[in-house]
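Quick notes on the structure that follows.
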Amino acid sequence: MVRKYIVLITDLGEGSPFPGIMKGVIKSISPEAEIIDLSHQVRPYQVEEASFLLMCNYKYFPQGTILVTVVDPEVGGKRKIVLVKTKNYFFLAPDNGILSWVLKKEKPEKIIEVKNEKYFLKPVSNTFQGRDIFAPVVGWLAKGEKIKNFGPKIDKIKKIPFPEVVHQNNRWIGKIIYIDHFGNLVSNFAQEEFSKLLEQNFSLRIKNKIFSRLSSSYSEVKKGEPCLLWDSFGFLEIALREDNLAQQWRIKPGEKVILEIKRESAKGP
Amino acid sequence: MVRKYIVLITDLGEGSPFPGIMKGVIKSISPEAEIIDLSHQVRPYQVEEASFLLMCNYKYFPQGTILVTVVDPEVGGKRKIVLVKTKNYFFLAPDNGILSWVLKKEKPEKIIEVKNEKYFLKPVSNTFQGRDIFAPVVGWLAKGEKIKNFGPKIDKIKKIPFPEVVHQNNRWIGKIIYIDHFGNLVSNFAQEEFSKLLEQNFSLRIKNKIFSRLSSSYSEVKKGEPCLLWDSFGFLEIALREDNLAQQWRIKPGEKVILEIKRESAKGP
Amino acid sequence: MVRKYIVLITDLGEGSPFPGIMKGVIKSISPEAEIIDLSHQVRPYQVEEASFLLMCNYKYFPQGTILVTVVDPEVGGKRKIVLVKTKNYFFLAPDNGILSWVLKKEKPEKIIEVKNEKYFLKPVSNTFQGRDIFAPVVGWLAKGEKIKNFGPKIDKIKKIPFPEVVHQNNRWIGKIIYIDHFGNLVSNFAQEEFSKLLEQNFSLRIKNKIFSRLSSSYSEVKKGEPCLLWDSFGFLEIALREDNLAQQWRIKPGEKVILEIKRESAKGP
Numbered sequence: 047m048v049r050k051y052i053v054l055i056t057d058l059g060e061g062s063p064f065p066g067i068m069k070g071v072i073k074s075i076s077p078e079a080e081i082i083d084l085s086h087q088v089r090p091y092q093v094e095e096a097s098f099l100l101m102c103n104y105k106y107f108p109q110g111t112i113l114v115t116v117v118d119p120e121v122g123g124k125r126k127i128v129l130v131k132t133k134n135y136f137f138l139a140p141d142n143g144i145l146s147w148v149l150k151k152e153k154p155e156k157i158i159e160v161k162n163e164k165y166f167l168k169p170v171s172n173t174f175q176g177r178d179i180f181a182p183v184v185g186w187l188a189k190g191e192k193i194k195n196f197g198p199k200i201d202k203i204k205k206i207p208f209p210e211v212v213h214q215n216n217r218w219i220g221k222i223i224y225i226d227h228f229g230n231l232v233s234n235f236a237q238e239e240f241s242k243l244l245e246q247n248f249s250l251r252i253k254n255k256i257f258s259r260l261s262s263s264y265s266e267v268k269k270g271e272p273c274l275l276w277d278s279f280g281f282l283e284i285a286l287r288e289d290n291l292a293q294q295w296r297i298k299p300g301e302k303v304i305l306e307i308k309r310e311s312a313k314g315p
Numbered sequence: 047m048v049r050k051y052i053v054l055i056t057d058l059g060e061g062s063p064f065p066g067i068m069k070g071v072i073k074s075i076s077p078e079a080e081i082i083d084l085s086h087q088v089r090p091y092q093v094e095e096a097s098f099l100l101m102c103n104y105k106y107f108p109q110g111t112i113l114v115t116v117v118d119p120e121v122g123g124k125r126k127i128v129l130v131k132t133k134n135y136f137f138l139a140p141d142n143g144i145l146s147w148v149l150k151k152e153k154p155e156k157i158i159e160v161k162n163e164k165y166f167l168k169p170v171s172n173t174f175q176g177r178d179i180f181a182p183v184v185g186w187l188a189k190g191e192k193i194k195n196f197g198p199k200i201d202k203i204k205k206i207p208f209p210e211v212v213h214q215n216n217r218w219i220g221k222i223i224y225i226d227h228f229g230n231l232v233s234n235f236a237q238e239e240f241s242k243l244l245e246q247n248f249s250l251r252i253k254n255k256i257f258s259r260l261s262s263s264y265s266e267v268k269k270g271e272p273c274l275l276w277d278s279f280g281f282l283e284i285a286l287r288e289d290n291l292a293q294q295w296r297i298k299p300g301e302k303v304i305l306e307i308k309r310e311s312a313k314g315p
Numbered sequence: 047m048v049r050k051y052i053v054l055i056t057d058l059g060e061g062s063p064f065p066g067i068m069k070g071v072i073k074s075i076s077p078e079a080e081i082i083d084l085s086h087q088v089r090p091y092q093v094e095e096a097s098f099l100l101m102c103n104y105k106y107f108p109q110g111t112i113l114v115t116v117v118d119p120e121v122g123g124k125r126k127i128v129l130v131k132t133k134n135y136f137f138l139a140p141d142n143g144i145l146s147w148v149l150k151k152e153k154p155e156k157i158i159e160v161k162n163e164k165y166f167l168k169p170v171s172n173t174f175q176g177r178d179i180f181a182p183v184v185g186w187l188a189k190g191e192k193i194k195n196f197g198p199k200i201d202k203i204k205k206i207p208f209p210e211v212v213h214q215n216n217r218w219i220g221k222i223i224y225i226d227h228f229g230n231l232v233s234n235f236a237q238e239e240f241s242k243l244l245e246q247n248f249s250l251r252i253k254n255k256i257f258s259r260l261s262s263s264y265s266e267v268k269k270g271e272p273c274l275l276w277d278s279f280g281f282l283e284i285a286l287r288e289d290n291l292a293q294q295w296r297i298k299p300g301e302k303v304i305l306e307i308k309r310e311s312a313k314g315p
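Residue numbers (the working numbering), protein chains in the order written: chain A, 47 to 315; chain B, 47 to 315; chain C, 47 to 315.
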């Protein structure tokens, strides 16, 4: 696997100097590396948001890419840092659960606890280890260093639960887990799990709004009108055509979404 | 023409994951490609804003650059996607008029309707074709694929009118068409058309403010004072020195700008 | 020194088209150049903020990097543009004092006043010389042009004073000089100067809040609680764990920070 591609997913801030500093450290070690920003605008300290972006999007990067996730509320504390090799990718992240969702999709072949200080920038600060640990480690990794050199092999990473839809009293209770740049709401109803169910007559409620049909694209409804569709991440999305639904309806991540199937009347031909 | 440079102009959001995903897809196909972000912060769905940025700035990129514009309110609908070759550049965009202003400056040599699904990422989503169509097509194009392979030749693209200044009752009525990061206002008075006229005595009004002289740089006026000058895009700009005029005067794109020439008294020697 | 790396520090705006335009100009001249954004989100016209970022972070970039700082309130006016060579780096900036802090750390070996118009983009605008002067000059420099070709050697650059902590009546009076993306406050108490002093019993006050101990990392305090620590820039930082202190306490750059050493009682063993 060619290792030159590095993808950064952080909460360090678009426009903040921190991502650029990490790139300086990486390129100082590995001049051939090519760095792609997936996002530096994960909401500060939101491990789940970074996990979601990583899980949905890692597969669009070239084989051999090193995906580095720095959303690290315990920076400088006792959490480990882990490097995981899968069949197609490398993942480097604090061991705070951030890799647990993506590694359900990409089976880990080897997990290393990164602790060989030889590869760190000294002195290691306790506030910006993106610069002092993550960047130099990924620089050396991209340069071809063997992963066993970064530290001991370990058996498992920390896991955090995916916010699954709950089935209760004939209703499915989900929630909004991501709001995109356009104000579109992404729920936790996964297409692979719910697409069959939504071919029946259904009613889906968020706040006091009710949806009973799926659109196949935004352009099926009129400007300013709401629609429900499968989004590009593979989840059920609620959007206003050419408007910002999250702002207009004042919805934040965590808002409940309730699905009911109307079993009495079958869908018409 | 070397085809390795790709410029992205989108409303996908600075800090959103979407531009990074497109880059992953492009680099997976064309490892030699170099991608430059012109802006991902076009206001959502504002086709005219993207058209303006493209028209003013395409010429600063190397010959052979592929300029990809993804501001696509009808994504997933019936609009076409077009690939245009000019003498110096390639342009890829939804056929919603977004290329009509730039193609007055760069004569199209060949227009292709992009429809050969062989080059698309499958399944093609109806919500993020930046990832599923634009990115892989530009990847293959950068890799050297012949443009005729992407689809049939067509004769013309959709056109939208440029917001020209209107001449009426001895007055020229224009408007603000772009507000930059500093809060400077860019009007539709083009330097090549109006520079002669503004050598006469004139009065230019926006809201209740009147200007009667041109400055040659911001530093000709005092801090916090307004000035009128030809900007770097080639249009008449109104600015506050070292302050944000759009915020201070609460002005938005679309605000009227009225020019009158005082013919009675000629400008002094 | 390999000259291919170029770092941009500007107030041109993340998401604005201006940095991308500069990159187009640079790559048109020097296809081998690699450009890293340190920040385009310096607050508009804030020369001191750019100076601070440059001073703290230049050293993380590869030897030979050309660091270009475009925060230029006098653009188009009479200020000079200077190119400075040090042992390890090149610096290009308006001569408005922006280089004076970093050049205390990196001794200038040669200072050139950039005025050879042969290397400028014509016509040179008076509003965006990042595009018309800085970008093409750095492009030619990265391509290997001798620095003496850009203009005459001069003896010194303009200097602006660093906002030093003031010692007065047994108190040290400092201030907040930078607020980062997380809302953490960076003061002007430098670690190399004050770390010994803060090993004694002390009291540090900002607004009506008092600190009397240093933490070694954010994770030493509970979520939402304030802490005081040496930050990754080498200065004393005040932060809320996993929250935005600047927003919560409504603090802006310039806020006073007052340190007193309690000499009566020595710190316990």
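For glycine and all other residues, C-beta sits at the position ideal for the given N, C-alpha and C.
Hey, how far is the Cα of residue 116 of chain B from the Cα of residue 159 of chain B?
Within the model, the alpha-carbon separation for residue 116 of chain B versus residue 159 of chain B is close to 16 Å.
Rounded C-alpha distance that separates residue 304 of chain A from residue 274 of chain A
Rounded to whole angstroms, residue 304 of chain A to residue 274 of chain A spans 13 Å at the Cα level.
Can you give me the C-alpha to C-alpha distance between residue 219 of chain C and residue 236 of chain C, rounded to a whole angstrom?
Residue 219 of chain C and residue 236 of chain C: Cα-Cα distance of roughly 13 Å.
Between which two residues does the alpha helix (DSSP H) containing residue 82 of chain B stretch?
Here residue 82 of chain B belongs to no alpha helix (DSSP H); instead the beta strand (DSSP E) covers 80–85.
Between residue 165 of chain C and chain A, is the shortest Cβ-Cβ distance under 8 Å, so that the two count as touching?
No, its Cβ sits nowhere closer than 8 Å to a Cβ of chain A.
Taking DSSP as the reference, what is the three-state secondary structure of residue 312 of chain B?
Residue placement at residue 312 of chain B cannot be trusted, given a pLDDT of 49 that sits under 50; what the coordinates show is reported in the next sentence. Per DSSP, reduced to three states, the secondary structure at residue 312 of chain B is coil, with no helix or strand assignment.
Delimiting residues of the alpha helix (DSSP H) encompassing residue 291 of chain C
Counted as a single uninterrupted DSSP element, the alpha helix (DSSP H) harbouring residue 291 of chain C occupies residues 291–294.
Using a Cβ cut-off of 8 Å, which residues of the stretch 73–99 of chain C contact any Cβ in chain A, in chain order?
Taking a C-beta cut-off of 8 Å against chain A, the contacting residues of the stretch 73–99 of chain C are 80, 82, 83, 84, 85, 86, 87, 99, listed in chain order.
Can you tell me which of the three DSSP states residue 51 of chain C falls into?
In the structure shown, the three-state DSSP call for residue 51 of chain C is strand.
Using alpha carbons as the reference points, say which of C:171, C:280, C:296, C:49 lies closest to residue 171 of chain A.
Measuring from the Cα of residue 171 of chain A, the nearest candidate turns out to be C:280.
Pick from A:291, A:246, A:252: whose alpha carbon is nearest that of residue 309 of chain A?
Closest by alpha carbon: A:246.
Are the beta-carbon atoms belonging to residue 248 of chain C and residue 307 of chain C less than 8 Å from one another?
Taking 8 Å as the cut-off, the beta carbon of residue 248 of chain C is found closer than this to the beta carbon of residue 307 of chain C.
In chain order, what residues of the same chain lie with their CB nearer than 6 Å to the CB of residue 256 of chain C, ignoring the 5 residues before and after it?
Its chain contains 249 as the residues whose beta carbon lies nearer than 6 Å to that of residue 256 of chain C, once the 5 sequence neighbours on both sides are disregarded; these appear in chain order.
Counting only runs that start and end within the stretch 126–153 of chain B, where is the beta strand (DSSP E) found for 3 or more residues in a row?
Entirely contained in the stretch 126–153 of chain B, the beta strand (DSSP E) runs reaching 3 residues are, in chain order, 127–132, 136–140.
Using 8 Å as the threshold, is the stretch 292–299 of chain A in touch with the stretch 251–265 of chain A, meaning 3 or more CB pairs across them?
Remark: three or more beta-carbon pairs, one from each stretch, lie closer than 8 Å, so the stretch 292–299 of chain A and the stretch 251–265 of chain A are flagged as touching.
Using a Cβ-Cβ cutoff of 7 Å, what residues of the stretch 226–243 of chain C are near chain A? List them in chain order.
The residues in question are 226, 227, 228.
8 Å is my cut-off, CB to CB: does residue 136 of chain B come that close to chain C?
Residue 136 of chain B does not count as touching chain C.
In terms of DSSP beta bridges, what is residue 214 of chain C paired with?
Paired residues: C:217.
Could you give the C-beta distance for residue 203 of chain B and residue 149 of chain B, rounded to a whole number, given that I count them as a contact under 8 Å?
Between residue 203 of chain B and residue 149 of chain B the beta-carbon gap is near 7 Å, inside 8 Å, which marks them as a contact.
Which residue wins for smallest C-alpha separation from residue 264 of chain A, given the options A:241, A:288, A:244?
Closest by C-alpha distance to residue 264 of chain A, out of A:241, A:288, A:244, is A:288.
Quick check on the DSSP output: the alpha helix (DSSP H) that includes residue 73 of chain C runs from which residue to which?
Annotation: the continuous alpha helix (DSSP H) that includes residue 73 of chain C extends over 64–75.
Please determine, among A:201, A:166, A:240, A:114, the residue with the shortest C-alpha to C-alpha distance to residue 155 of chain A.
Taking only the C-alpha atoms, the option nearest residue 155 of chain A is A:201.
Which residues, in chain order, does the stretch 48–68 of chain A contribute to contact with chain C at a C-beta distance below 9 Å?
Those would be 57, 58, 59, 60, 61, 62, 63, 64, 65, 66, 67, 68, in chain order.
So is residue 275 of chain B in contact with chain C if we call contact Cβ pairs under 8 Å?
Residue 275 of chain B counts as touching chain C.
Between residue 272 of chain B and chain C, is there a C-beta pair that is closer than 8 Å?
With 8 Å as the cut-off, residue 272 of chain B does not count as an interface residue toward chain C.
For chain B, check one thing: does any of its Cβ atoms lie closer than 8 Å to the Cβ of residue 180 of chain A?
No, its Cβ sits nowhere closer than 8 Å to a Cβ of chain B.
Residue 69 of chain A, buried or exposed, once every other Cβ within 10 Å from all chains shown has been counted against 16:
Taking every protein chain shown into account, the CB of residue 69 of chain A has 16 or more other CB atoms within 10 angstroms, so this residue is buried.
Beta-carbon neighbours of residue 299 of chain B, restricted to chain C and to distances below 8 Å:
Around residue 299 of chain B, no beta-carbon contact reaches into chain C at under 8 Å, the shortest distance being about 15 Å.
Could you check how far apart the C-beta atoms of residue 101 of chain B and residue 168 of chain B are, in whole angstroms? I think they sit under 8 Å.
Actually they do not touch by this definition, with Cβ atoms about 34 Å apart.
Determine the closest residue to residue 125 of chain B out of B:213, B:58, B:141, with distance taken between C-alpha atoms.
Of the listed residues, the one whose Cα sits closest to residue 125 of chain B is B:141.
Rounded separation between residue 313 of chain B and residue 215 of chain B - CA only:
Confidence at residue 313 of chain B is low in this model, with a pLDDT of 49, below 50, so the placement of that residue should be treated as unreliable; the coordinate-derived value is given next. C-alpha separation (whole angstroms): 22 Å.
Quick check: is the beta carbon of residue 258 of chain B nearer than 8 Å to any beta carbon in chain A?
No, because no Cβ of chain A sits closer than 8 Å to the Cβ of residue 258 of chain B.
Among residues of its own chain, excluding the 5 on either side of residue 243 of chain A, which ones have a beta-carbon nearer than 7 Å to its beta-carbon?
Beyond the five residues adjoining it in sequence on each side, residue 243 of chain A comes within less than 7 Å, by CB distance, of 307 in the same chain, given in chain order.
Using 8 Å as the limit for Cβ to Cβ distance, is residue 254 of chain B near chain C?
False, the Cβ-Cβ gap to chain C never drops below 8 Å.
To which residues does DSSP link residue 121 of chain A through a beta bridge?
As DSSP reads the structure, residue 121 of chain A sits in no beta bridge.
Exposure label - residue 195 of chain B; buried when at least 16 CB within 10 Å:
Counting Cβ neighbours within 10 Å, residue 195 of chain B comes out exposed, since fewer than 16 surround it.
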